[in-house]
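For reference, the structure discussed in these notes is given below.
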Amino acid sequence: MGYQEAFREVVLKPLREDTEINHEVNQYLAAYDQCRTEFSSFDHYVRMKVLGYARTLCETRALALLYSYTYMPMHMDGNKKVIEREFSTFFNPYIYQKPSNVMMIDVGCGPMTACVAIADFQQGLQPKKHLELDYMGCDLQSFMTDIARDFSSKKSTNDLFGDRFRGAYPNIKDPHWFEQMGSSVNDGGTLVFYFSYFWEQGGLTEEVGKWVDCIKSISLKARAQNTFMVYLNRDLGDSGSAYTEFKQRIQQRPGTLEVVCVEKTNQKYQSWTGLEEWITEGIYPQPRPKKKTDLHYEILRINWKHFEDAGS
Ligand SMILES: C[S@@+](CC[C@H](N)C(=O)[O-])C[C@H]1O[C@@H](n2cnc3c(N)ncnc32)[C@H](O)[C@@H]1O
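Residue numbers for the sequence shown, in the numbering used here: 254 to 565.
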């Protein structure tokens, strides 16, 4: 099963066929009916009013699925653009490396967008290059990790990931979540912290210290030879943003962060239209003509040795 089929199974079907989810979606549809003329479609209403342009925390399964329907294809395209552009510098030598020795920790993984993009991209690679990956997706919302789990479950994993994908989805509301995970990498391996459209979420300025401690602690235990972080979003954040603060704290020891690449570009993204017709009549949503949006990304190598040498 490839990505398109998995998307239908995991995201589209439950929106229409799961009674509880469908009931909630119908409530949004009824609210949209009251102000139809203000929006070009139910898709537009969901994007703006229900999901607050991807900033609303998805606190129900229906919301997490609406997020996946609305933003996952767009963010997948952002990730694929980064993979294509940085294939020879980063993704080929470090993610698709053999033998398997990669741990990817996807922070704020949502429905597992970044990893599904990496898995979908490999469809164009020779089978010997296909993923052999230890992946840990973590998110504040279990409704999101439930969808991630469905993407990585046996029924949808066959072609998308292959057999050598090992996913884990800890409950990060438990303060000991990462101690309970076997997050070590074999000697000489690669550890990647992946931040796909994460850092602009509300409340993260208060969590910067927590995430610095968290990734430092995981890294120092992991015995990886190479540690990277991958960031992508619509922008890199201004001087006071959570991401900027996060990097500054890691940089306290000069030389800790080394830039592999930093780019401002744009991406053509896929989105769908026809959610109302899907819910009410069972007509599959149609792809909208692709649009362009800004894409900023960077890949940084983290050299924690500077911290170890300084005894901190
Ligand atoms: C915009 S979505 C991005 C999801 C996915 N990475 C993608 O590219 O589509 C941001 C995700 O971060 C999660 N999130 C928000 N605040 C968080 C926090 N403090 N800790 C962990 N995850 C958080 C949200 O639940 C949501 O799934």
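Backbone N, C-alpha and C define an ideal beta-carbon position, used for all residues, glycine too. Source: prediction; values computed, not measured.
Of the candidates 331, 391, 356, 296, 331 places its Cα closest to the Cα of residue 370. Residue burial is scored here from C-beta neighbours: residue 255 has fewer than 16 other C-beta atoms within 10 angstroms and is therefore classed as exposed.
Annotation for residue 545: 519, 520, 521, 522 place their beta carbon closer than 8 Å to its own, counting only its chain and skipping 5 residues before and after. Using a Cβ distance threshold of 7 Å, residue 372 and residue 431 do not count as a contacting pair. Counting of Cβ neighbours within 10 angstroms places residue 387 among the buried residues, the total reaching 16 or more. Sixteen is the threshold: when 16 or more other Cβ atoms of the shown chains lie within 10 Å of the Cβ of residue 359, as they do, the residue is buried. For residue 274, DSSP assigns no beta-bridge partner whatsoever.
For residue 555, the pairing in a beta bridge is given by DSSP as 510. By the CB criterion at 7 Å, residue 506 and residue 465 fall outside the cutoff.
Taking the Cα positions, residue 257 is about 12 Å away from residue 266. In this structure, the straight-line span from the alpha carbon of residue 425 to that of residue 391 is close to 7 Å. Within the stretch 334-369, the runs of beta strand (DSSP E) that reach at least 3 residues and sit entirely inside it are, in chain order, 355-360. Apart from sequence neighbours up to five positions away, the residues of its chain that approach residue 304 with a beta-carbon distance below 7 Å are 319, 320, 323, ordered along the chain. Remark: C-beta atoms of residue 352 and residue 524 do not approach each other more closely than 7 Å.
Between residue 296 and residue 528, the C-beta spacing is below 7 Å. For a cut-off of 8 Å, the C-beta gap from residue 499 to residue 461 is around 5 Å, short enough to register as a contact. With a threshold of 6 Å, the Cβ atom of residue 366 counts as near ligand 1, since some heavy atom of the ligand is closer than that.
Taking a cut-off of 5 Å from the heavy atoms of ligand 1, the residues with a C-beta inside it are 307, 328, 361, 363, 366, 392, 393, 394, 397, 449, 450, 454. The C-beta of residue 383 has 16 or more other C-beta atoms within 10 Å across all chains shown, which makes the residue buried. Spatial neighbours of residue 402 in its own chain (CB-CB distance under 7 Å, excluding positions within 5 residues in sequence) are listed in chain order as 422. 7 Å or more divides the Cβ of residue 482 from the Cβ of residue 451. Scanning 260, 514, 468, 273 for the CA closest to the CA of residue 549 turns up 514.
A direct Cα-Cα distance of roughly 21 Å separates residue 551 from residue 463.
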